[in-house]
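*Asks:* Quick one: the structure is below, and I'll ask about it shortly.
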Amino acid sequence: MKTVIVALLVVLVVSHSEALRCNCAGKAPCAFSQQNCYGLNQVCARMTFNPPGSGSFKSCYNARACANLISSGKASGRCCSSDLCN
């Protein structure tokens, strides 16, 4: 039982330390200027909406949605996967 608890603690520490960190600003709902990314939001995004849209954001984002937003012409920006790359 002790081994299982230690193994779980190691997994928690490793998974927490591996979370991607992104800047968060603009239209994104941000509690802080940086955030850890989890779940389906596995890239950092920096986007500016093209007319008729307006505004911009920086945040954790879904990789496929990020690429689709750029390829659709609705926004220009970048999707990246290193800490604070946006």
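For the sequence shown, the positions run -19 to -1, 1 to 67 when mature numbering (1 follows the signal peptide of the UniProt record, and there is no 0) is used.
From the three backbone atoms N, C-alpha and C, an ideal C-beta is built for every residue, glycine too.
Run through DSSP, which three-state label would C47 get?
*Replies:* Helix.
*Asks:* Let me know if A26 comes out buried or exposed under the rule of 16 or more other beta-carbons within 10 Å of its beta-carbon.
*Replies:* Looking at its Cβ environment, which holds 16 or more other Cβ atoms inside 10 Å, A26 is buried.
*Asks:* Could you have a look at R59 and say whether DSSP puts it in helix, strand or coil?
*Replies:* In this structure, R59 counts as strand in the three-state DSSP scheme.
*Asks:* CB-CB under 7 Å to A44, same chain, minus the five flanking residues each way: which ones, in chain order?
*Replies:* These residues qualify, in order along the chain: Q23, V24 and C60.
*Asks:* What did DSSP end up calling S52 once you bin it into helix, strand or coil?
*Replies:* Looking at S52 - three-state DSSP - the assignment turns out to be helix.
*Asks:* Taking the Cβ atom as the reference point for each residue, do L50 and A56 lie within a distance shorter than 8 Å?
*Replies:* Cβ atoms of L50 and A56: closer than 8 Å.
*Asks:* Assuming G54 contacts K8 under a Cβ cut-off of 8 Å, what Cβ separation, rounded to an integer in Å, is found between them?
*Replies:* Not really, about 18 Å apart at Cβ, beyond 8 Å.
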